[in-house]
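First comes the structure, then the notes that go with it.
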Amino acid sequence: MNDDIFVSAEDGKVRIIAGRNRTTGKVVFPMPQGVLEGDYERIELPSEGTLWTYTVQRIPPKNPPFVGVNSPDEYQPFAVGYVQLGDEVMIEGRIEGDPDSVEIGMAMESVAISFPTGDGAEMTTYAFAPANGSKS
Amino acid sequence: MNDVYVIGAGIHPFGRHEGKTGLDIGVDATKLAVKDGGIEWGDVEAAFGGSSASGNADAVLPRMGLTGIQFINVANGCATGGSSVLSAYWAIKAGEFDTALAVGFDKHPRGSFNPDPVKNGKPKWYGEIGMMLTTQFFAMKIQRYMHDHGISKESLAGVAIKAFENGSRTPHAWRRTPMDMDTVLNSRMISDPLTQYMFCSPSEGGVALILASEKKARELGRTQVKLRSAAFKTRPENSFEVFSPSLSVERGETPTMLAARAAFEKAGIGPEDIDVAQIQDTESGAEIMHMAENGFCQDGDQEQWIAEGRTAIGGQLPINTDGGCIACGEPIGASGLRQIYENVIQLRGQAENRQVEGARLAYSQVYGAPGLSAVAILEKG
């Protein structure tokens, strides 16, 4: 994953990098690259937020584009959701931990996770994890 | 401006058809529509058509006859069929042509679609980590909607049960076996809260429609179904759409709300005037949310509507009378045209045991990625 998606923060958390449009003020993720880059100011989002909605990917996604282990015997379902970070934007990401205990409104924090890929390597990505002690 | 009539309608049954290509299916539908319209292929002056997985739709030309007519290939996601018919409508309304064909067909491989992130303007990692799935979007949208508006999973199942019941009465439907609440709720969970039988599946099918000017329709004595209004809108700012790595906290309107409003305004009628509706049901949640987005009820009222059977055949507003995408499956190029085909059959009074009695105004709405919606309102002539 591109280095400019997130940076490490304290306590094992990460800060996700977004872009603020210099004209409209609108915040988008990921930070636009290429010809659009100059129109955006690079900002780091807060590490803590609230879960707005989610689902669980119960069946293995197809490869391509998914690179994780997706054989029917070894596939591990994971939750995906939108977490509001700050006052302006919600970010879509995978949710760490037991997918069956996820609930709308949970306090979440941004983290980095690594998952095994189908070819035996590992991929690192930003993700969200329930904040310490949070149930909802 | 000319009034526009739907004079011919042809469908190739949806489902799985071994030994037939998508193009074969499209040609069959086109032949049926031309015959149904009481014209010859040589009378068709313009054509618009689309297919997502079966090549360019204009490949029907060598099979139908190379008459030199204009043929414009249309590609607009799940709204491809709706876009084709709207293009034909505007061409005739403008007075440029007296007859036009709208055709759509497809044949998709089994299993869910697996779109390429980069082709959709998203970073490669978005697909690599497992977020490039339309099913996740539909599930997350209805999950929040259920939380905000008190919709139960039994209502989700209710939509699917109605779809299979209507499908069992429809010759062109794919899944024609009624199903009970337990079977739907206990089928394999695909993407919470949506189970296998709440989702439509990629399938095969083809539909063709012949549209004509008022002058031509009168000449042929085929004025049974008039296309009263049509509108097409793309997503406005802050609409929650598929493949969005981020969303604004501010929630806005949807393309369906915009298209519905525009179509009703052009027709000079309101949602309460509609007798039968075909609305996009990619899965149960989409039908529920589209009931409100199209203006048929308030957010949250769906719970009561479904419990009381108001959207079933015989109810106040029958919805997806042929079983919709859930029972017919989704051949991308053909789905929006199937909705209009079903409305034509309903307005002609040819729908047999799924007939909505006294139907005079029929509504259809198709929705597609990356966030567009097409609405057509038909009227009995």
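Sequence order for the protein chains is Y and F. In terms of my numbering, the first sequence opens at residue 1 and continues consecutively. In terms of my numbering, the second sequence opens at residue 137 and continues consecutively. Glycine included, every Cβ here is placed at the ideal spot set by N, Cα and C.
Residue nearest to residue i in terms of C-alpha spacing, selected from the options
{"i": "F/Ala399", "options": "F/Gly388, F/Glu429 and F/Pro381", "result": "F/Glu429"}
{"i": "F/Gly213", "options": "F/Asp194, F/Ile278 and F/Asp242", "result": "F/Asp242"}
{"i": "F/Met427", "options": "F/Pro251, F/Pro454, F/Ile405 and F/Ala403", "result": "F/Pro454"}
{"i": "F/Gly303", "options": "F/Leu497, F/Ala512, F/Gly465 and F/Leu508", "result": "F/Gly465"}
{"i": "F/Pro245", "options": "F/Ser291, F/Ala344, F/Ala211 and F/His153", "result": "F/His153"}
{"i": "F/Arg496", "options": "F/Glu176, F/Glu439, F/Leu514 and F/Ser349", "result": "F/Leu514"}
{"i": "F/Gly173", "options": "F/Lys156, F/Arg199, F/Gly144 and F/Thr370", "result": "F/Gly144"}
{"i": "Y/Phe78", "options": "Y/Asp98, Y/Pro65, Y/Ile17 and Y/Val89", "result": "Y/Asp98"}
{"i": "F/Met282", "options": "F/Glu423, F/Val480, F/Leu202 and F/Gly162", "result": "F/Glu423"}
{"i": "F/Asn256", "options": "F/Gly517, F/Lys516, F/Ala505 and F/Ala512", "result": "F/Ala505"}
{"i": "F/Ser382", "options": "Y/Val102, Y/Gly19 and Y/Ile113", "result": "Y/Gly19"}
{"i": "Y/Ile95", "options": "Y/Asn21, Y/Gln76 and Y/Arg42", "result": "Y/Gln76"}
{"i": "F/Asp411", "options": "F/Ser365, F/Val492, F/Leu222 and F/Glu439", "result": "F/Val492"}
{"i": "Y/Tyr54", "options": "Y/Thr117, Y/Asp4 and Y/Val102", "result": "Y/Val102"}
{"i": "F/Arg280", "options": "Y/Glu44, Y/Trp52 and Y/Arg58", "result": "Y/Trp52"}
{"i": "F/Gly485", "options": "F/Gly517, F/Asn322, F/Val239 and F/Pro372", "result": "F/Gly517"}
{"i": "Y/Leu45", "options": "Y/Val28, Y/Asn132, Y/Leu36 and Y/Gly118", "result": "Y/Val28"}
{"i": "Y/Gln33", "options": "Y/Asp100, Y/Thr50, Y/Glu92 and Y/Ile17", "result": "Y/Ile17"}
{"i": "F/Gly240", "options": "F/Leu202, F/Val196, F/Trp261 and F/Asp252", "result": "F/Val196"}
{"i": "F/His148", "options": "F/Ala193, F/Leu321 and F/His308", "result": "F/His308"}
Distance, residue j Cα to residue i Cα
{"i": "Y/Val83", "j": "Y/Thr125", "result": "15 Å"}
{"i": "F/Leu347", "j": "F/Gly178", "result": "14 Å"}
{"i": "Y/Gly120", "j": "Y/Gly68", "result": "9 Å"}
{"i": "F/Val343", "j": "F/Gly431", "result": "27 Å"}
{"i": "F/Ser187", "j": "Y/Pro72", "result": "31 Å"}
{"i": "F/Pro391", "j": "Y/Met108", "result": "31 Å"}
{"i": "F/Leu508", "j": "F/Lys362", "result": "24 Å"}
{"i": "F/Gly294", "j": "F/Asn456", "result": "13 Å"}
{"i": "F/Gln482", "j": "F/Ile228", "result": "23 Å"}
{"i": "Y/Val111", "j": "Y/Pro30", "result": "16 Å"}
{"i": "Y/Glu122", "j": "F/Gly451", "result": "55 Å"}
{"i": "Y/Lys26", "j": "Y/Tyr40", "result": "9 Å"}
{"i": "F/Ile476", "j": "F/Tyr503", "result": "14 Å"}
{"i": "F/Gly217", "j": "F/Lys402", "result": "21 Å"}
{"i": "Y/Asp11", "j": "F/Gly162", "result": "60 Å"}
{"i": "F/Ala182", "j": "F/Ile205", "result": "6 Å"}
{"i": "Y/Pro116", "j": "Y/Val7", "result": "21 Å"}
{"i": "F/Leu330", "j": "F/Gly247", "result": "16 Å"}
{"i": "F/Ala487", "j": "F/Thr306", "result": "8 Å"}
{"i": "F/Ser562", "j": "F/Ser365", "result": "Lying outside 137 to 517, the shown extent of chain F, residue 562 of chain F is not represented and no answer is given."}
{"i": "F/Val254", "j": "F/Thr270", "result": "15 Å"}
{"i": "F/Tyr82", "j": "F/Lys258", "result": "A question about residue 82 of chain F goes unanswered here, because the residues of chain F that appear run from 137 up to 517."}
{"i": "F/Ser323", "j": "F/Asp417", "result": "18 Å"}
{"i": "F/Glu301", "j": "F/Gly472", "result": "21 Å"}
{"i": "Y/Pro61", "j": "F/Asp139", "result": "47 Å"}
Closer than 8 Å to chain Y by CB, residue i
{"i": "F/Met393", "result": "no"}
{"i": "F/Arg354", "result": "no"}
{"i": "F/Pro259", "result": "yes"}
Chain F contact for residue i (CB, 8 Å cutoff)
{"i": "Y/Asp87", "result": "yes"}
{"i": "Y/Ala18", "result": "yes"}
{"i": "Y/Tyr54", "result": "yes"}
{"i": "Y/Val7", "result": "no"}
{"i": "Y/Ser136", "result": "Here Y/Ser136 scores only 42 on pLDDT, less than 50, and its place in the model is too uncertain to base an answer on."}
{"i": "Y/Gly81", "result": "yes"}
{"i": "Y/Arg58", "result": "yes"}
{"i": "Y/Gln76", "result": "no"}
{"i": "Y/Glu92", "result": "yes"}
{"i": "Y/Val14", "result": "no"}
{"i": "Y/Phe66", "result": "yes"}
{"i": "Y/Pro61", "result": "yes"}
{"i": "Y/Ile125", "result": "Note on residue identity: the sequence assigns Thr, not Ile, to residue 125 of chain Y. Judged by the 8 Å Cβ criterion, Y/Thr125 is in contact with chain F."}
{"i": "Y/Glu122", "result": "no"}
Min CB distance residue i to chain A below 8 Å
{"i": "F/Ala495", "result": "This model lacks chain A altogether, as its protein chains are Y and F."}
task = Give, in chain order, every residue of the stretch 96-113 of chain Y whose Cβ lies closer than 7 Å to some Cβ of chain F.
result = Ile104
Segments of 4+ residues assigned as alpha helix (DSSP H) that fall wholly inside the stretch 347-433 of chain F = 350-356, 391-403 and 420-429
inquiry  = Short of 9 Å Cβ to Cβ, which residues in the stretch 234-253 of chain F face chain Y?
reply    = Gly247, Ser248, Phe249, Asn250, Pro251, Asp252 and Pro253
key: Against chain Y: residues of the stretch 372-396 of chain F by CB proximity under 8 Å   = Ser380, Pro381, Ser382, Leu383, Ser384 and Val385
task = Check distances from the C-beta atoms of the stretch 27-50 of chain Y to those of chain F and list, in chain order, the residues that come in under 7 Å.
result = Val28, Phe29 and Pro30
ask   = Which full runs of the beta strand (DSSP E) of 3+ residues lie inside the stretch 186-219 of chain F, going along the chain?
value = 206-209
Residue ranges of each beta strand (DSSP E) within the stretch 248-293 of chain F, 3 or longer = none
ask   = Which residues, taken in chain order from the stretch 307-339 of chain F, show a beta carbon closer than 7 Å to some beta carbon of chain Y?
value = Met325, Ile326, Ser327 and Asp328
ask   = Just by C-beta distance, which residues in the stretch 262-291 of chain F are closer than 7 Å to chain Y?
value = Gly263, Glu264, Ile265, Gly266, Met267, Met268, Leu269, Gln272, Ala275, Met276, Gln279, Arg280 and His283
inquiry  = Threshold first: 4 residues or longer. Then list the alpha helix (DSSP H) segments lying entirely within the stretch 430-487 of chain F, N to C.
reply    = 438-443, 460-464 and 471-484
ask   = Which runs of the beta strand (DSSP E), 3 residues or longer, sit entirely within the stretch 10-87 of chain Y?
value = 14-21, 40-44, 48-57 and 78-85
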